[in-house]
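Chains as they are written, first to last, in UniProt numbering: chain G, 1 to 483; chain R, 1 to 483.
From the three backbone atoms N, C-alpha and C, an ideal C-beta is built for every residue, glycine too.
All values reported here derive from a predicted model rather than from experimental measurement.
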């Protein structure tokens, strides 16, 4: 008998209700395989390596950090190296602009070991504001920017402040990155799901948003905000400007706060990225009265973009049109956790202020960052081609982010076998895939999918295509077994 | 009229209810003074520098980072420097053990820019377990350790899982570090305050805990856990082993989970630090049946200790006696935020595995860390002497942590003047102190205090004693004005 004070039955039911499949059972099992292979205890394992295609973690899969950024960070951690500028320059490959930048950053932070203001150092928020102005062509203010420990922490803050009680509803795209539904579970607030249009490259169907909104409000739910992930996770879609205008129009009509998760804004392959801020400002410019009081929160992060600096936990969100008293409550909320990592803040500043043409590190920076983008683009296309050629898969053309989200036909016999194990068919499929090939992907049910359809999310970060071949040959065996 | 969708009236009432005075109005005002002085726009300000004695932020106030740690971190940020070992060693002061350690850490993390497991890298949790075994003389397991972004994040996790609903009560010491009451406000759970014994050096009076527990349970509150901060924040007290035994005995009797906030365990000046884990294990060793099922969570951090690395947001908690299914829910909860900063995790590993006798960095490490401790001790004593000699202050002898919490007599005329401004008397006092001297401290009401008594919390991190003299001469003027 469990005589402990805390047990599964009596802890916070909201925590129990939260689901976050990206790091769930499959991920744990894949790590156990990896450990056994590393120990040489893998005789009964039918593969020789684990491929973590479940998490968007570029540097784990061999993506090289940007030299300029890491040179700067190394000196921030040990500023006494600045006493040896000649050695740094002549023997260790530190260019002049690295040294200049380090001194500028140190004049802001003093030491990276000290706490900062809870919303991040003002100078860094000014850097961010200037980046947003360059990106969008519209003004941005440092006081409207909140730095945070990756975009996840920013979303946590926004949803905490917006959700008043269990009757608050937030429109969430399906499929979605499960941070949103998990956080709503923790808050005991309501997810109001709207289905993305898989037939139109996973764009937002404003009609579907409307249906979801009306269904929920008819049940008395106080729908307050709409989340859009653009470029899409897990879908890989990039929204058109027209689509964004449609969303903003609907948000205005229903007075919905817009939460734009734009962490993949630099991972765009075949379309132009349009920020919600830019589109909103352009609508405000032509019709100020109509659009002036829209509230928009948009997020960005060092974890994604081209640099993939997930481990540094840096990010920010910008608020547009928010009530200053609400902003003050946001500040108080984040102050309880003191501040985001200061080295992470420095990296945000570097990301939004990379070397410019004429700076001594410029060419290397451009070469490295363009190289990352080209690699990612080419891997996305290769992987897409693999899925497109194979019967049983359907997969949209990758436009951005780090993911493909193919649908996979699962035969009725496999659906039955899954039910016997108490699993959803897609989870069953992904688990068999892992057990057979070492490739770890995330079942579509972890993100949400249309009833009766089955998907999985795979990153296209792992090198080569050998692992995609593993998926295909597994799929054929799976179909042979269950068809 | 405010026509925004989100306004102060309709956002999350739990966020509005949260109070966190450490970074509140006074802190903001002090930063505004600092900015004006920096801009040279300070003609009407009666002081020439701001002293931030409100936040335990050692490196902001001139404490030097430990060389060994920052050399290691610098190479982790730029591992290509390892191609130049001779230069690092011969010209840049990197000793051999720094290079060895960097390679070991890199073999764990690959790149510090990659995500880690959500509870931190296993190898680092093993380092922590070995540290706890050396510290306490009892076994510790890596699987019971969760790394986190500073202890604040760990407390947030623990309270989220423990608090089931608005009827859950947690025993919180008064005065306390306001993270606890703020987090309980966010969760909508109940703070069950127990008063520390100011007459006995702010020790825990188990009788007062009993009264608080019984009062709360009589009202139907489900009191589940007791928080102890040792060494004390804001009190500076270090609990005796006997006091800890008394608390554990009471926790056993009432089946209370113990949350031991031990982030100041290295900041101890005049007494020995006894961890709850060690005392609990010694009680279990002599009477296993009686004490085996006590649940203890204890926290530590790189922010405090001697190293004061607040900006790196590294920390951990250890669970003892917890249900494995509850631990699994804790893992799921933290996985939603992905992982704590990886460079912060590396710093935790360094803190718990500093250079050993015989290592090439050992002597410098010892000298630097002992220097920090001695400096802190001497500043604590000097500041204590200042308050002790002055009429109107009462202050316990500093035993540990980074704070003094003197009581201050506030005359009735000042209490009236405060009421006219809608402020508590201690807040009024601290605001006048800031406006007159530039010294920023935190009013006692931010931590809780006995009805009718008034305190403030000051760190003893700022260099010199000139700023203490500012406090004393302000106090005399204040008394002259209001007595």
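- Cβ-Cβ distances below 8 Å link residue 14 of chain G to 185, 186, 187 and 188 in the same chain, with the five nearest sequence neighbours on each side left out; the list follows chain order.
- Counting only Cβ-Cβ distances below 7 Å, residue 23 of chain G has contacts in chain R at 118 and 335, in chain order.
- The criterion of a C-beta distance shorter than 8 Å is not satisfied by residue 214 of chain G and residue 257 of chain G.
- The CB of residue 150 of chain R comes closer than 8 Å to the CB of 337 and 338 in chain G, given here in chain order.
- As far as DSSP is concerned, residue 277 of chain R takes part in no beta bridge.
- Considering only beta carbons, the part of the stretch 285-305 of chain R lying closer than 7 Å to chain G consists of 293 and 295, in chain order.
- Spatial neighbours of residue 421 of chain R in its own chain (CB-CB distance under 7 Å, excluding positions within 5 residues in sequence) are listed in chain order as 428.
- Setting aside the 5 residues that flank it on each side, residue 211 of chain R is surrounded in the same chain by 194, each with a C-beta closer than 8 Å to its C-beta; the list follows chain order.
- Per DSSP, the continuous alpha helix (DSSP H) segment holding residue 218 of chain R begins and ends at 206-218.
- A distance of 8 Å or more separates the beta carbons of residue 393 of chain G and residue 415 of chain G.
- Below 8 Å, too few C-beta pairs join the stretch 381-392 of chain R and the stretch 243-260 of chain R to call them touching: fewer than three.
- Across the set G:369, G:226 and G:106, the C-alpha of G:226 shows the shortest separation from the C-alpha of residue 181 of chain G.
- C-alpha of residue 160 of chain R to C-alpha of residue 24 of chain G: approximately 19 Å in a straight line.
- In the three-state scheme derived from DSSP, where H, G and I count as helix and E and B as strand, residue 291 of chain G is classed as helix.
- Counting C-beta atoms within 10 angstroms of its own C-beta, residue 378 of chain R has fewer than 16 neighbours from the protein chains shown and is therefore classed as exposed.
- Here residue 310 of chain R is not bridged, per DSSP, to any residue.
- Going by C-alpha positions, residue 60 of chain G is about 7 Å away from residue 111 of chain R.
- In the three-state scheme derived from DSSP, where H, G and I count as helix and E and B as strand, residue 457 of chain R is classed as strand.
- At least 8 Å separates the beta-carbon of residue 310 of chain G from that of residue 285 of chain R.
- Distances from the CA of residue 105 of chain G to each of G:223, G:69 and G:139 were compared; the closest alpha carbon is that of G:69.
- DSSP assignment within the stretch 342-429 of chain R yields the following whole alpha helix (DSSP H) runs of 4 residues or more, N-terminal first: 342-352, 362-389 and 412-420.
- A distance below 8 Å separates the beta carbons of residue 72 of chain G and residue 101 of chain G.
- As computed with DSSP, residue 318 of chain G is found in a beta bridge with G:145 and G:298.
- In terms of CA proximity to residue 232 of chain R, R:176 leads the group R:157, R:176, R:345 and R:200.
- With a cutoff of 8 Å on beta-carbon distance, residue 136 of chain R and residue 277 of chain R are scored as near each other.
- What residue 163 of chain R touches in chain G, judged by beta-carbon distance under 8 Å, is 12, going in chain order.
- The stretch 354-364 of chain G and the stretch 31-46 of chain R do not touch, with fewer than three beta-carbon pairs separated by less than 8 Å.
- Where residue 36 of chain R is concerned, the enclosing alpha helix (DSSP H) starts and stops at 25-39.
- The continuous beta strand (DSSP E) containing residue 223 of chain R extends over residues 222-229.
- For the options R:153, R:191, R:183 and R:154, the alpha carbon positioned closest to that of residue 171 of chain R is the one of R:191.
- Relative to residue 158 of chain R, the option among R:474, R:317 and R:348 whose CA is nearest is R:317.
- Non-local C-beta neighbours of residue 297 of chain G in its own chain, meaning closer than 6 Å and more than five positions away in sequence, comprise 158, 259, 317 and 319, ordered along the chain.
- Of G:107, G:116, G:67 and G:119, the smallest CA-CA separation from residue 94 of chain G is found for G:67.
- Under DSSP, residue 52 of chain G forms a beta bridge with G:440.
- With a threshold of 8 Å between beta carbons, residue 332 of chain G makes contact with chain R.
- Around residue 306 of chain R, the same chain offers 266, 369, 372 and 373 as residues with beta carbons nearer than 6 Å, after the five sequence neighbours per side are excluded.
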